[in-house]
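Taking it in order: structure first as structure tokens, then the write-up.
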Amino acid sequence: MTPIQYFFLFTAGFTLLAALGVVTRRNVVHSALLLVVALFGVAVTFAILEAGFWAVFQVLVYIGAIAILMIFMVMLTRRNVADETYPEPFNDNMRLAFLAALLVFGGLALTIGGWDAARETMTVPLDYDALREFGRAMVSPDGYLVPFILVSVLLLAALVGAIYVAVLGNKSQEERE
Amino acid sequence: MQDNWLFIGIAVVIAAMLPMLPIAAARILSPHRPNRLKNETYECGMETVGDTWVQFKVQYYVYALVFLIFDVEMIFLFPWAVAYDNLPLLGVIAGLVFIFLLLDGLAYAWRKGALEWS
Amino acid sequence: MSFFEDPIKFLAGLLQDLLVSLNLHPIAITVINNIVGALIVSSVGLVIVIFLIWLERKLAARFQDRFGPNRAGPFGILQSFGDLSKLVLKEDVVPDAADKIPYNIAPILSIAAVVLVWAVVPFSVEWIGTDLNVGVLYIAAVGSFGILSVLMAGWASNNKYALLGAFRAVAQLISYEVPLIFALLIPVLLARSMGVNQIVGAQDIWYIFVVPVAFGIFFIASLAEIGRTPFDLLEAESEIVAGYHTEYSGMKFGMFMAGEFLHSLTLAVVTAALFLGGWRGPYVEQLPLLGPLYLFLKAGFVYFLIVWIRSSLPRIRIDHMLDITWKFLTPLSVVLLMAIALTDALLKEFGQINNTALYVGAMIAVNVVIALLALFAASRLNSRQRRQIKTFEPRPLAVPPKPAAPAAASTSEEASA
Amino acid sequence: MIPLSWYLIFSALLFSIGLFGVLARKNAIAILMGVELMLNAVNINLVAFWRYIVPATTEGWMFVASVFVVAAAEVAVGLALVYSIYRGRRTSSADEIDLLKW
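Protein chains in written order, with my numbering: chain A, 1 to 177; chain B, 1 to 118; chain C, 1 to 417; chain D, 1 to 102.
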């Protein structure tokens, strides 16, 4: 075992513990804060994988925007009934869900167990400037020009749709009433 | 590359330790005499009524939403800017179209009044 | 190599020799070297900030025609140490209703988020914590921990005012993050690199002279990010007690305060590095020791601007504050980015990219045109909005409560509603 | 050096935890958090495969970018739906959104 392996196990451990907390905590805000910890753990994993760009964006997008959006929404949607502050977190299918998750993990583990061990190790030291290449390939027609524009359209649609559903739809509903 | 991130990782640990030191010093040096009145929620002397969880405006969500969309677009714009030297004119125009579509979303939110505070 | 040519390298060499002579494992040597480097880099800001608080109080006092701190030590320079010892000795009151774990993590996070930025600040030609190839993005990403700490502090305090203050603060921070990131994108585009040191290295002409409007956007947005006047709604004392840190006391409150000053200094340094040429100056290649001097002189200039604005302008209303970013700065920064990208591409297409005079001239022309257009559009919009504001009948003053005058009472009710 | 299968096991565990959250949680926002965990697990896999198997190409990057975009769009619209339902029915619990059940 090398130090980097210990470090990876440590990172994976706290990420998984935080993820368990996310799905089991009663208080949804605690879930959201633990989600931040888990997402940070994933960012550290990206850094170990020498994908610094994605580590940074993991923090910027997930922690800086998505987690905050979720915390906002938790605060926005809450009944003002005192005894329902922290209701039972799980629905009736909890056992079934646990079984399903276990089955999925079993299937994945079996697949990974049959993995070709020859491809296990990193062969090339990374001196390839993936960032610059990605920027170039993204907008070249033999690269990802079409996905690039589609992504933009998708984000535009998400923005318009979310604003319509959250703000304008309610406005027109109130007018009808 | 990994050396860079080793430094950042150590810096994260140190950056967390630095503010802990004075807080720990304060815990040792400062008096600690809590009582019920002192530990009440501070609302300028009024007794706090009801729950803390007051109802918030949906505007907070809208701002966070627009911020999220702009943030995600940065995933594409930063590599585009870094690779600018090697881009053909078509690539530049594709990027501009991308930014223009982004601006469209903002214009929609503006026109529909979703960005108004009140 | 002598000490005076490059003291940091000299000392690093000494340390390296010492570690090697101890027969340590090579990984341990790397780790120890990194720990020493990270310690130095992280403490630079904290040490400077102690004197900066004194300097700012002195400056603010001068702006307001006062003396400022002048009792502790010569010119009151020891004032900050007095404040520090007071904060350490103060009782730390934790409200019973608080959510203890996030409550205690929030102040630590607010400092850590700022200290981490210093890891990628270049102090001189080769003096940099670590030359990350995504440095600019790293600065933006670390800032999101600061946003998180505000939200955590507000929520964990379990106090209506703290939560409301935190929500307002976060709305402000994320709103101004958008033009801030777009303004960051412009130096990246000009330098074709995200490394902070490469951006400094590419500034043969300071970017403030190439893209002055981008500098302006960045400066205004960073004023809002650090919550300084005119954007100090985060802690509008007269409106929401003290904002998100209402329930904090003692050293934890001190952490939030120090974090605010440190954040100001950090953003001033980042501005200096990205737009004012960082460590660049005469003779810095021969004598790297001059680098930090130039950097902090430039950062000091930016900081002076911040203090100047703080003592000159009143606080603006929250709806105006949000209008400024969403309806002015964000569209302006997006359009500016498009215009600069297009200008750059066209110059490249006509093979004039290396013609510095033409390049800078075209960039400045584009900036000036866009700034004028933006101001024109803003003034048109403003006057249109002003016409739409409904005007009420002037409210009658002190109507006597006579039962015979119901009409007057109803008018005053309407006016107040 | 860390073997590739460690990353795969890690991401499989994270994916299963997220799946459990999606299936078992009552609160609609908590369900979205589970979806985020699953998408992150996918991202770990994509980055690990890029680094170990096709390091000198950009395909892996485009996939990761797409996952980021999808995650953002999903959260944006999902939370908007949650809010819209909350406005109409005063609940954010997925169990109580059962108008179509009978």
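Think of the CB as a built atom: it goes at the ideal place given N, C-alpha and C, for glycine as much as any other residue.
* **Exposure of residue 23 of chain C, with buried meaning 16 or more beta-carbon neighbours within 10 Å** => Residue 23 of chain C should be labelled exposed.
* **Close beta carbons around residue 7 of chain A, own chain, < 8 Å, minus the five adjacent residues each side** => Only residues of its own chain outside the window of five on either side were considered, and among them 48 have a CB closer than 8 Å to the CB of residue 7 of chain A, listed in chain order.
* **First through last residue of the alpha helix (DSSP H) which encompasses residue 309 of chain C** => Per DSSP, residue 309 of chain C is one residue of the alpha helix (DSSP H) stretching across 290–312.
* To do: Identify whether residue 168 of chain A lies in helix, strand or coil by the three-state DSSP scheme.
  => Of the three classes helix, strand and coil, the one that applies to residue 168 of chain A here is helix, per DSSP.
* **residue 51 of chain C vs residue 85 of chain C beta-carbon contact at 8 Å** => Not in contact: residue 51 of chain C and residue 85 of chain C (Cβ atoms no closer than 8 Å).
* Asked: Are residue 130 of chain C and residue 7 of chain B touching if we call contact CB-CB under 8 Å?
  -> Yes, the Cβ-Cβ distance between residue 130 of chain C and residue 7 of chain B is below 8 Å.
* From the DSSP output, in three-state form, read off residue 102 of chain C for me. => In this structure, residue 102 of chain C counts as helix in the three-state DSSP scheme.
* Asked: Mind pulling the chain A residues with CB within less than 8 Å of residue 114 of chain B?
  -> Per Cβ cutoff of 8 Å: 163, 167, 168.
* Cβ pair residue 120 of chain C, residue 128 of chain C closer than 8 Å -> Yes, the Cβ-Cβ distance between residue 120 of chain C and residue 128 of chain C is below 8 Å.
* Asked: Between residue 155 of chain A and residue 69 of chain D, which are expected to be in contact by the criterion C-beta below 8 Å, what is the C-beta distance as a whole number of angstroms?
  -> Going by Cβ atoms, the distance from residue 155 of chain A to residue 69 of chain D rounds to 6 Å, so yes, they are a contact pair.
* **residue 61 of chain B beta carbon less than 8 Å from that of residue 97 of chain A** => No, they are not a contact pair.
* Asked: From this set, A/64, A/59, A/53, which residue's C-alpha is nearest residue 62 of chain D's C-alpha?
  -> It is A/53.
* To do: Could you spell out where the alpha helix (DSSP H) holding residue 2 of chain D opens and where it closes?
  => It is not in any alpha helix (DSSP H) - residue 2 of chain D carries neither H nor E in the DSSP assignment.
* Asked: I think residue 178 of chain C touches residue 325 of chain C, with their Cβ atoms under 8 Å apart; what is that distance to the nearest whole Å?
  -> Cβ-Cβ separation between residue 178 of chain C and residue 325 of chain C: approximately 7 Å, consistent with a contact (criterion under 8 Å).
* Asked: From B/76, B/69, B/116, B/39, pick the residue whose C-alpha is nearest to that of residue 158 of chain A; which is it?
  -> If we check each option's Cα against that of residue 158 of chain A, B/69 comes out closest.
* CA nearest to the CA of residue 85 of chain D, picked from A/91, A/144, A/73 -> Considering only A/91, A/144, A/73, the residue with the shortest C-alpha distance to residue 85 of chain D is A/73.
* Could you name the residues of chain C that residue 29 of chain A contacts, counting a contact when the two beta carbons are closer than 7 Å? => Ordered by position in chain C, the residues that pass the 7 Å Cβ test against residue 29 of chain A are 155.
* Quick one: what does DSSP say residue 73 of chain D is sitting in, helix, strand or coil? -> It is helical.
* Sub-8 Å separation of residue 19 of chain B and residue 91 of chain C beta-carbons -> Contact: no.
* residue 66 of chain A at chain C interface by Cβ criterion, 8 Å -> Among the CB atoms of chain C, none fall inside 8 Å of the CB of residue 66 of chain A.
* **Endpoints, the alpha helix (DSSP H) within which residue 26 of chain C is located** => Here the alpha helix (DSSP H) through residue 26 of chain C covers 26–63.
* residue 84 of chain A to residue 27 of chain A, Cα distance in whole Å? -> In this prediction, residue 84 of chain A scores a pLDDT of 48, lower than 50, which makes its location untrustworthy; no coordinate-derived value is stated.
* To do: Can you check the segment 149–202 of chain C for any alpha helix (DSSP H) of at least 4 residues that lies completely inside it and give the ranges in chain order?
  => Listed in chain order, they are 160–191, 196–202.
* Leaving out five residues before and five after residue 80 of chain A in sequence, what residues of the same chain have Cβ atoms less than 7 Å from its Cβ? -> Since pLDDT at residue 80 of chain A reaches only 44, below the 50 mark, its modelled position is unreliable, and the value read off the structure follows with that caveat. Closer than 7 Å at the Cβ level, and outside the excluded window around residue 80 of chain A, lies no residue.
* For chain C, find out if any of its Cβ atoms is closer than 8 Å to the Cβ of residue 105 of chain B; answer yes or no. => Closer than 8 Å: no.
* To do: Specify, as a first and last residue, the run of the alpha helix (DSSP H) that residue 58 of chain A falls within.
  => Where residue 58 of chain A is concerned, there is no enclosing alpha helix (DSSP H), because DSSP gives it neither an H nor an E.
* Asked: Are the C-beta atoms of residue 144 of chain A and some chain D residue less than 8 Å apart?
  -> Chain D, which has a Cβ nearer than 8 Å to the Cβ of residue 144 of chain A, makes this yes.
* **Other residues of its chain near residue 313 of chain C: CB distance less than 8 Å, five sequence neighbours each side excluded** => Leaving aside the five residues that flank residue 313 of chain C on each side, the residues in its chain whose CB is nearer than 8 Å to its CB run, in chain order, 229, 230.
* Asked: Are the C-beta of residue 73 of chain A and some C-beta of chain B separated by less than 8 Å?
  -> Interface residue, yes.
* Asked: Assuming residue 162 of chain C contacts residue 244 of chain C under a Cβ cut-off of 8 Å, what Cβ separation, rounded to an integer in Å, is found between them?
  -> Your pair residue 162 of chain C and residue 244 of chain C checks out as a contact, with CB atoms roughly 5 Å apart and the cut at 8 Å.
* Quick one, which residues of the segment 300–328 of chain C are near chain B if we go by CB-CB under 8 Å, in chain order? -> Here the close residues are 318, 319, 322, 323, 326, 327.
* Asked: Straight-line CA distance for residue 107 of chain A to residue 9 of chain D?
  -> Those two C-alpha atoms are separated by around 11 Å.
* **chain C contacts made by the segment 3–36 of chain A, where a contact means CB separation under 7 Å** => Those would be 3, 29, 33, 36, in chain order.
* Asked: What residue does the alpha helix (DSSP H) around residue 263 of chain C start on, and which one ends it?
  -> Its alpha helix (DSSP H) spans residues 250–275.
* **When C/215, C/256, C/361, C/356 are compared against residue 114 of chain C, the one with the closest alpha-carbon** => Check the Cα spacing between residue 114 of chain C and each of C/215, C/256, C/361, C/356: the tightest is with C/256.
* Does the Cβ-Cβ distance between residue 300 of chain C and residue 260 of chain C come in under 8 Å? -> With respect to residue 260 of chain C, residue 300 of chain C sits apart: the two C-beta atoms are not nearer than 8 Å.
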